[in-house]
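Undergrad: Quick note, the working numbering runs 1 ahead of the 1-based positions in the sequence shown.
For every residue, glycine included, the Cβ atom is placed at its ideal position computed from N, Cα and C.
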Amino acid sequence: MVRCCLFASKPREEPTAVCPGASAQAQAVEGLQEMTAAYRKVAQLTLPPGAAVVFAKLRRDMADLEAVVGEAAFPETRPWRSPLAQEQQDWEKIYPAGGTLLRRQLCSASTGDEEWFLGGFFISDIGIAFDTGSSPDDAARFQTGFLAWKDIAELQRPGSEAELLMTLGSGSRSFSQLRLQLTILDDAEWIEEFWKLQANAPEQHSGSRPLAQSEKAIAQEADIKAQEANAETSQPVLLHQLSRAASVEGKAAPEVPGDSGSPKAHRSLSLDSKLSGVYNEAPAGRKPFQMPQGEAPVGSDRLLATDVPTVLAKLKSENWLSKFLQEAKQAHSISATPWAESKQSPGVFVRRASFTLPVPQDFPRAVTRLVNLPTETKVTAVFRLHPQPDQLVFTVQFCSHDIPYGENFRIHETVAFKADSSGGVETKMWVEVMWIASLPWTHGVLKSIIEQKSKADGLGTRVVNAIKASAA
2 MVRCCLFASK PREEPTAVCP GASAQAQAVE GLQEMTAAYR KVAQLTLPPG AAVVFAKLRR
62 DMADLEAVVG EAAFPETRPW RSPLAQEQQD WEKIYPAGGT LLRRQLCSAS TGDEEWFLGG
122 FFISDIGIAF DTGSSPDDAA RFQTGFLAWK DIAELQRPGS EAELLMTLGS GSRSFSQLRL
182 QLTILDDAEW IEEFWKLQAN APEQHSGSRP LAQSEKAIAQ EADIKAQEAN AETSQPVLLH
242 QLSRAASVEG KAAPEVPGDS GSPKAHRSLS LDSKLSGVYN EAPAGRKPFQ MPQGEAPVGS
302 DRLLATDVPT VLAKLKSENW LSKFLQEAKQ AHSISATPWA ESKQSPGVFV RRASFTLPVP
362 QDFPRAVTRL VNLPTETKVT AVFRLHPQPD QLVFTVQFCS HDIPYGENFR IHETVAFKAD
422 SSGGVETKMW VEVMWIASLP WTHGVLKSII EQKSKADGLG TRVVNAIKAS AA
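#1: Which stretch, first to last residue, makes up the beta strand (DSSP E) that contains W431?
#2: Among residues of its own chain, excluding the 5 on either side of E250, which ones have a beta-carbon nearer than 7 Å to its beta-carbon?
#3: Between the Cα of K317 and the Cα atoms of A329, Q294, T396, which residue gives the shortest distance?
#4: Helix, strand or coil, according to DSSP, for K288 in the structure here?
#5: Classify H333 as buried or exposed, calling it buried when 16 or more other Cβ atoms lie within 10 Å of its own Cβ.
#6: Alpha carbon to alpha carbon, what distance is there between Q362 and W117?
#7: State the DSSP-derived secondary structure class of V372, mapped to helix, strand or coil.
#8: Nearest to L59 by alpha carbon, out of V43, T47, G71, E72?
#9: Could you tell me the distance, in whole angstroms, from the CA atom of P211 to the CA atom of V368?
#10: Who are the Cβ neighbours of F384 in its own chain at under 6 Å, not counting the five residues just before and after it?
#11: DSSP on V43, reduced to helix/strand/coil?
#12: What would DSSP say about D114, mapped onto helix, strand or coil?
#13: L305: buried (16+ other C-beta within 10 angstroms of its C-beta) or exposed?
#14: Can you tell me which of the three DSSP states L440 falls into?
#15: May I have a chain-ordered list of the beta strand (DSSP E) segments no shorter than 3 residues that lie completely inside the stretch 150–176?
#16: By how many angstroms is the C-alpha of A457 removed from the C-alpha of P365?
#17: If F410 and A382 are in contact, beta carbons under 8 Å, what's the gap, nearest whole angstrom?
#18: For S334, which residues does DSSP report across the bridge?
#19: Per the DSSP calculation, K379 is bridged to which residue(s)?
#20: If you draw a straight line from the alpha carbon of S401 to that of V54, how long is it in whole angstroms?
#21: Opposite K456 in the DSSP bridges: which residues?
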């Protein structure tokens, strides 16, 4: 046995307090003082052999930490990223052994090709899950199921600063890679650091399971693993069972297994779960490239000096969309994938883009009193083109990440270009707001204002105006 108090026999001086105004540094110093006190308390005990080496390393690490706390600052506050209490409950229903839900946000995901899905990214202390939510169209749905941190063999930053490439362990899923396109660099760095922490952490013992894992969850974990092992051969049954677990009242419709090359819905977060059941690819459960039915358009117009094939060629050209965003929306920092035909929906072309837009400041005082509006916001958008014999459907769905509660909703816009029998092209525009998560009751007034603003200045209307001007 070794007495570790020798490391506390001649303690270092306590970190000195900083000026009262530097609250972040003061909090860091206070935390260091608490760590030092806890260190000394444990060091007075008689501990097994090897503890002395651990304590020596701990003291060195504390000294290194003390040297950098002078640069401490409070992180940017984004409370809308934090999961709601109900979401934690739903998370535990779907993934009983999934740990504590730390964060949920919107991002784009792909399994390594150019087929991108916009959906919910859920992060817990045990692992992650991506989910677009339920949809009648299998091609519009992508759900990874629960991926434990230990199942992620490698994490890289291959392209843009906010992109992550996760390589999964052999045999853990039907896909070997998961690409995530975030919009904020800090988020990518946070996820990367958290993965490194979990990858280097020792295995959990049964007596030290995370807080969110109840004794019942421990018993269910083996059953969950058995379900995942059989997912390839019994997918419809699996989805049905999970829907009942997510909601006692919900009833799942029979599912048809996708093609072997398509991402599998190993364990669905959606169906009847409130956690991500609203992460549909398009409003009202329709396919993301279809026009709304029964919804009044926000506007219409006629393009006299053009035709549908010419409009398609313009929208599909490599640089037109980026130039349009720059000129019509004052966008900058634009990054976009090439147009690519959807593998799940042949004949539909998909393109993902991220960019930064100025935030309008002409909001009522009732809004500016509730939230602080930034001057700019990062945006993730997924564009789709669906050419048909007599018309063209253009859709865009986007999310604004930096405005308060911007990730609680998505804007889905549709523009239909239809050949007019008298010549030219008839156009109709729709703007729909999809609410992903409820606003706090104190901020309920924002909902109607956001919907009014979105419909009054739609991106689709500006697309039509730009095409009309270039054809004149």
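TA: According to the data block:
#1: For W431, the uninterrupted beta strand (DSSP E) segment begins and ends at 426–436.
#2: Residue placement at E250 is poorly supported in this model, since its pLDDT is 31, which falls under 50; the coordinates are not used for a value here.
#3: Checked all of A329, Q294, T396; the closest Cα to K317 is T396.
#4: If DSSP states are grouped into helix, strand and coil, K288 belongs with coil.
#5: The residue in question, H333, is exposed, as its Cβ has fewer than 16 Cβ neighbours within 10 Å.
#6: Spanning the alpha carbons of W117 and Q362 requires a straight line of approximately 32 Å.
#7: Correct three-state label for V372: coil.
#8: For L59, the nearest C-alpha among the options comes from V43.
#9: Bear in mind that a pLDDT of 43 at P211, under 50, signals an unreliable position, so the model cannot answer this.
#10: Non-local beta-carbon contacts of F384 in its own chain, meaning distances under 6 Å to residues more than five positions away in sequence, involve R352, V397 in chain order.
#11: Helix.
#12: Taken through DSSP and simplified to helix, strand or coil, D114 comes out as coil.
#13: With fewer than 16 other beta carbons inside 10 angstroms of its own, L305 counts as exposed.
#14: DSSP, reduced to helix, strand and coil, places L440 outside both helices and strands of the structure shown, so it counts as coil.
#15: With a minimum length of 3 residues, the continuous beta strand (DSSP E) runs that stay inside the stretch 150–176 are 153–157, 164–169.
#16: P365 and A457: Cα-Cα distance of roughly 15 Å.
#17: Rounded to whole angstroms, the Cβ separation of F410 and A382 is 14 Å, and the two are not in contact under 8 Å.
#18: DSSP links S334 through a beta bridge to no other residue.
#19: DSSP lists T357 as partners of K379.
#20: For S401 and V54, the gap between their C-alpha atoms comes out near 49 Å.
#21: Per DSSP, none; premise fails for K456.
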